[in-house]
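Chains as they are written, first to last, in our numbering: chain U, 78 to 367; chain V, 24 to 413; chain F, 5 to 331; chain B, 7 to 254.
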C-alpha cells in the first residue's frame, strides 16, 4: 500500500465517520419530520443532552458503556416528556409555531446544561476496548472511529429491517405516505407518532454519547451541529431513511474532502450543494412521499 | 437587537453586590472600577476565573474598601462589550476598566477608551495590535500577546532538536498571529515549516482530515494553537488517530491549560507547550497565590485566574503609588513592576504590554491527575514596538 | 391583507412619542436601550412584512441585517466612502441578497422554506467569518456616523442619535405600510392566501416573492446600517443565526401580521430582557419559557390581543354592528 | 380563437385525454358534456397549463401556448374558474375581485398605486360584482359567505381577470335552481366577443346557451354538434343514460 493511497483511505474513513455521526442525528429528525410534520430545532439540544448524560454516567461508573446505554434512554425519556407536554399539542400548529417552540427549548436546554454541568468544556474517554489506533493493511486508524462507522451501519441496517419487515415499520411507512389513509386503515397513528418521536430522540442521545469521546462536551455543541443536520434532512428529503443516509454521506464527504483539497472554499461548498438541491429538487433527493 | 447590543449589568457574585454599593456613593479617594468580562457564553468560565483572581488581589492588598466594582457582562460579543464599556464610562463614570477576554471585544472597545481617555487594564485578550499598531496610552495589558508566548517557542523547539514543523491553528486573528510569530522565529533559528493549516474557527468538530494531512507531511513536530473546546477535541483526536506515537505535539499553553487538561485525559500526556504561567512554578509568590486562591474558591488557579490577579495587582500598585483619577492611573500603570505568581513582571513603557517570563512545560501524569513538568524558561520576554506610538 | 387602522396609527405614534420622551429624560443607558429597541423594531417590521403578510417565515433576516451592517462598514471603512453612500450600499446589498434568497426558495413552502432561509443565512455568516478583508473574526472598526449637520443634527450626540433611531422606526413603518397597501403588496398577500389561484390569475409568483423578500431585506439593511453606526463597529456576531429566531420571537410576541405589533414587541422584549438579566445570568431560559408559553397560549400577540379586546368591547356597546377586523 | 390539436395526456398506462381536437371561433359558446371521469377537468387543466400534455398543442389566436406556464397563459387572456371553489378565503369579496382585476390591468406589480382605492380598478370590481350578483357584498369576508355566493365569486374572479377565452368548470355545481337561472342570465349578458368553454351538467342550460356542444367520454371526443343535433343524437343519450349517476 502506497502512502498516497493510505492517505486517501484514511480521509475516506474520516468522511465516513463524520457521515455516520450526522446520520445518527438526522435520521430521527427526518423521520419525525416526515411522519409528524414536526420540525424539532431542539433536536441538537437533545444530542447535547445525550453527551452530557454520558459524561456524568462515565464519571460515576468509570465505564464508557454506562454512558453509551444510559444516554439514549435518558434522552428518550426527555423526549417523552417533551412530546406529552408540548409537542403533541403543537402538532397541527403550523411550522412557524413549531420552530418558535423548539427554538425556545434550545434556550431552556442551554441554561439547564450550564446549571448542571457548568460552562467549561468537558471530555469523555474512549472505551478501553476501542482505545487508541489500530493498524491494518499498513493503515493506522482510530479504533473508536471504526466503531462509530460500524455502529452507524448497524443502526442503518436495523432501521431498514424494522421499516421493511415489521408491523410497526409498515405503519410508519403508511403514515409517512398518507396520514389519513393510515388512520382509515385502523392504525393508531398517535401511538406510532409517540414511538417514532421517542426513538428519534434516543438516536440523538446515542449520537451525543458516541460523539462525546471524539469531540468535547459543552452547552453550545447542539446548536452548532443543528444546521449541518438540517441541511442533511433538506438535501436527503423528508422522512426517508435513504435520504438521511445519502444526505449524511454527501455532507460528510464534502466537508472532509473539501477541508483536505480546497480548504478556502470548503465551508461554502455544502451551502452551494443545498442551493442546487433546492432549485432543482425542491423536495430533496429521496423524498419519502412522491 | 437585544441579543447583540444588550447592555445590562450582571452581578456575577453576591460578594460583588456588596461591593457595588451603588452609583454616587463613592467617597473621595475611592477608585471606581468597571469589571468588563464575559459571564455567559463560551468564555464564561474564563470570566469567572479572572473575576476571582481580580477580587483576590484587591482583598489581599487590604485596600478592598478603597475600590468600588461595577460588573458588566460582554457576552463575548463585541457590540455588547462596546455598549457596556460606554455605559461604564458615561453612566457609572468609572476611573478604570479591567477585563476583556476576547480580542474581538478589545478591538471594539479600544477606540472608545482611547478617545474617552479612560485607562483599560486588559486581563486576557492577546491580539498583538492592541500593544502594537493600535496601542494606546490608556490601554495596558497584563496578560500576554499572541506573539509573546509563541516567538520564544520557535527558538526553543529548534534548540531541542526539532528541524521541521507542521503548524495548525484556528482560522482567526489569534491563530494567524500565533503562527506568524512562531514560524518566523523557528525559520530564523534554522528550522523549516513543512506545512501550515488554518482550520475553520468554532466550526471544526473533526480535526481528523487535517491531522492526517499533517501526519502525511512527516514533520519532526506539530505545533498548534487551539483553546477551549477545540483544544480538547484536538488533543484527543491526535492521540486516538495514532499520530501521538509518531510525531510529538507542541503548542501554545492554551492547548493544555489547567482549565481544560482534565477533559483531555491521558491523551495530553507528553504534550509540550509554552505559556506565561505554569501552576507548578515553584517560587514563593506562586505558592502563596495558589494557597490563597484555593482558600478563596476551593479550586486551583489557571493562567486566567493569574491574569485576573495581576490585573488587580497592577491597579493596586498604581493606586498605592498615589494615582487617583483616570489620567493618573493611566500614567502610573505603565510604570508598575513587581514579582508575582508568574515571576518578575512589569509593564513595558514603550508598548504598555506586559514583560514576563515564558515557561515551557510538559503535561505529565501526577498523583492527582495531570500536572505540569517545567522543562524550560525564557526570561523577560518583551515584544518589539511594532509601530506603537502613544 | 394590510389596512392602516386608526388603532395602528395611534399605537405607533404612542410608542414613538413615548420613546422620544424616555430618551430626553432617561440616563445614558436608557438611550442605549432606545437604540436597541429601534434596531430590533425595524428588523421586526421587515420580518413581519414577509412572514405576517406573505407567509414567508424567515430565519435569515438576522443575516440580512448583518450583511447590511457589513456593507455599511465595507464602504465606510475599506473604501473610505461617506456614510450616506454606505447606507445606500447597506440597502442595496441587503436587497440583492434578499431577492436572491426569495428567488431560489420561491418553489419551497412551509418548513422547507424556513430551513432553506436558515441555511442561506448561515452561509452569509460563514462567508463573512472567513473573509480576511472583512476582518474575519475580529470584525471592522472605525466606522463613522451620518453627517446631518446640514439640518442641524449631530448624530455623535447620544440623545440625538437615539431620537434619530426612533424616527427611523417611523420611516420604516411608513415604507413597509406603503409597500403592503400598494397593488404589489396586495398581490403578495394574495399569493399568501392562495398561491395556485394567484398564479392561475396570471401572476408570476416567484417574481413577487423574490421582490417582496428583497424589499423586506432592504428594510433589514436599514436596521443593519443603523446598528453599524450605533456601535461604529461590526463583527460576525451580528450575523449569527439565533438572532433571526429572536426577531421572530419579537414579531410573534407583538402580533404577527399586524405591522405595528412587532414594534410593540420590540419595546417589550428589550425592556423585559433588561430587567430579567439584572436578576439572573440564566435569562436565556426565562426568555425561552416565556416564548413557549406565548406560543402555546395560541395568542395573537400583544397587539392582536388589544385589537380583539377593543373589538369585543365595541361589539358589547353596539351588539348589532358587524365590525370587521383586519387580521 | 382557441384551437386544440391532438391533445393527449396519460398517467402511466392510464390515458385520460385521448387525441382531443377542438376549434372555437371568436365569440363561440361551447359546452363540454360528458359523464364523470370523462376527462373534462383534466382537459381544462391541460388548457390552462396546470398540467403538461403528453403530446399535442394548444393555440390561442393562432399562437401556440403549449409551452407557456399557467401565469403566462392567463396574461394572454385565458381565464378559468374552478369546479371546486379556489378563492382567497381570508379576504373580502371586493379584495378577491380587485386582485384578479389588478392582474388584468397590469397593475399587480405596481409599488405606487393602491389598488384598493384606485377609481379605475374600483369600477371594474363593482361592474364584475354586479354581473355576478355580489354588488352589495364587496365588504364581506369570503369565509363568512354562503356556498352559492362563493360559486358566484369563482366566476367573478375569472371574469375580473379580463379574459379573451373563458374556461368555466361546472359553474353551477352544487347550487340551487334559482341560482342556476341567475347564472343562465349572466351568460347571456357576457360580451359577445368573449369565447367561452363551459363544462356543464345541467342539460337545459347547456342546450340554451351553447352555440355548439362537445361530448367527451373516456378522454375522447365522441360527438360534436349544435344543441339540436346533440339532443337528437342517440349516442349522447346512450352515454348519459348509461351513466345516470352524474348529479354530483
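Idealized CB from N, CA, C, for every residue including glycine.
Just so you know, these numbers come straight off a predicted model, no measurement behind them.
Local Cβ density within 10 Å of residue i, reported as buried at 16 or more and exposed below that
i, result
"residue 413 of chain V", "exposed"
"residue 242 of chain U", "exposed"
"residue 175 of chain F", "exposed"
"residue 107 of chain V", "buried"
"residue 255 of chain V", "buried"
"residue 24 of chain V", "Note that residue 24 of chain V scores a pLDDT of 34, beneath 50, so its modelled location is shaky and nothing firm can be said."
"residue 117 of chain B", "exposed"
"residue 355 of chain U", "buried"
"residue 189 of chain U", "buried"
"residue 126 of chain F", "buried"
"residue 237 of chain B", "exposed"
"residue 384 of chain V", "buried"
"residue 30 of chain V", "Low per-residue confidence applies at residue 30 of chain V: pLDDT is 34, beneath 50, and the placement is therefore not dependable, though the value from the model is reported in the following sentence. So residue 30 of chain V counts as buried."
"residue 212 of chain U", "exposed"
"residue 112 of chain F", "buried"
"residue 419 of chain V", "Residue 419 of chain V is absent from the structure shown; chain V starts at 24 and stops at 413."
Spatial distance of residue i from residue j (CA atoms)
i, j, result
"residue 236 of chain F", "residue 185 of chain V", "46 Å"
"residue 136 of chain F", "residue 341 of chain U", "11 Å"
"residue 375 of chain V", "residue 146 of chain U", "54 Å"
"residue 100 of chain V", "residue 170 of chain U", "34 Å"
"residue 158 of chain F", "residue 165 of chain F", "8 Å"
"residue 38 of chain V", "residue 222 of chain F", "Low per-residue confidence applies at residue 38 of chain V: pLDDT is 33, beneath 50, and the placement is therefore not dependable, though the value from the model is reported in the following sentence. Computed Cα separation, rounded: 47 Å."
"residue 45 of chain V", "residue 87 of chain V", "Because the pLDDT at residue 45 of chain V is just 37, under 50, the model does not fix this residue reliably, and the value given afterwards should be weighed accordingly. Between residue 45 of chain V and residue 87 of chain V, the C-alpha separation is close to 16 Å."
"residue 212 of chain V", "residue 251 of chain F", "54 Å"
"residue 208 of chain B", "residue 180 of chain B", "11 Å"
"residue 352 of chain U", "residue 328 of chain U", "13 Å"
"residue 227 of chain F", "residue 43 of chain F", "5 Å"
"residue 86 of chain F", "residue 149 of chain V", "32 Å"
"residue 306 of chain F", "residue 269 of chain F", "7 Å"
"residue 58 of chain B", "residue 78 of chain F", "48 Å"
"residue 214 of chain F", "residue 372 of chain V", "58 Å"
Cβ-Cβ separation, residue j to residue i (assumed contact under 8 Å), whole Å
i, j, result
"residue 143 of chain V", "residue 332 of chain V", "About 17 Å separates the two Cβ atoms, so there is no contact after all."
"residue 288 of chain U", "residue 132 of chain U", "No, residue 288 of chain U and residue 132 of chain U are not in contact; Cβ-Cβ is about 11 Å, not under 8 Å."
"residue 6 of chain F", "residue 193 of chain F", "7 Å"
"residue 333 of chain U", "residue 95 of chain U", "6 Å"
"residue 148 of chain B", "residue 159 of chain B", "7 Å"
"residue 54 of chain V", "residue 119 of chain V", "7 Å"
When you check each C-beta in the region 172-186 of chain F against every C-beta of chain B, which residues fall closer than 9 Å? 182, 183, 185, 186
Beta carbons nearer than 7 Å to chain V: which residues of the region 139-160 of chain F have them? 140, 141, 142, 143, 145, 146
Which ranges would you report for the beta strand (DSSP E) in the region 187-241 of chain U if only whole runs of at least 3 residues count? 210-213, 216-219
Which residues, in order along the region 206-230 of chain F, keep a beta-carbon less than 9 Å from a beta-carbon of chain B? 206, 207, 208, 209, 211, 212, 215, 219
Ignoring anything shorter than 4 residues or poking outside the region 32-82 of chain B, list the alpha helix (DSSP H) runs there in chain order. 46-54, 76-82
Quick one, which residues of the region 323-347 of chain U are near chain F if we go by CB-CB under 7 Å, in chain order? 344, 345
Given a limit of 9 Å on CB to CB distance, which residues of the region 84-103 of chain U reach chain V? 84, 87, 88, 90, 91, 92, 94, 95, 98
Which parts of the region 147-215 of chain F are runs of the alpha helix (DSSP H), unbroken and 4 residues or longer, counting only runs that do not cross its ends? 162-185, 187-197, 199-204
For the region 109-122 of chain V, which residues have a CB atom closer than 8 Å to at least one CB atom of chain F, in sequence order? 109, 110, 113, 114
Listed from N- to C-terminal order along the chain, which residues in the region 16-46 of chain F have their beta-carbon within a distance smaller than 7 Å of any beta-carbon of chain V? 31, 32, 33, 36, 40, 43, 44
Which residues, in chain order, does the region 234-245 of chain F contribute to contact with chain V at a C-beta distance below 9 Å? 234, 235, 236, 237, 238, 239, 240, 241, 242, 244
Chain-ordered residues of the region 212-242 of chain V with a beta carbon less than 9 Å from chain F: 223, 224, 225, 226
For the region 276-287 of chain F, which residues have a beta carbon sitting closer than 7 Å to at least one beta carbon of chain V? 277, 278, 281, 282, 285
Which whole runs of the beta strand (DSSP E) in the region 211-255 of chain V are 3 residues long or more, in chain order? 215-222, 244-248
Which residues of the region 176-197 of chain U have a Cβ closer than 8 Å to any Cβ of chain V? Give them in chain order. 191, 195, 196, 197
Of the residues that make up the region 141-168 of chain U, which ones have a beta carbon closer than 8 Å to any beta carbon in chain F? 163, 166, 167
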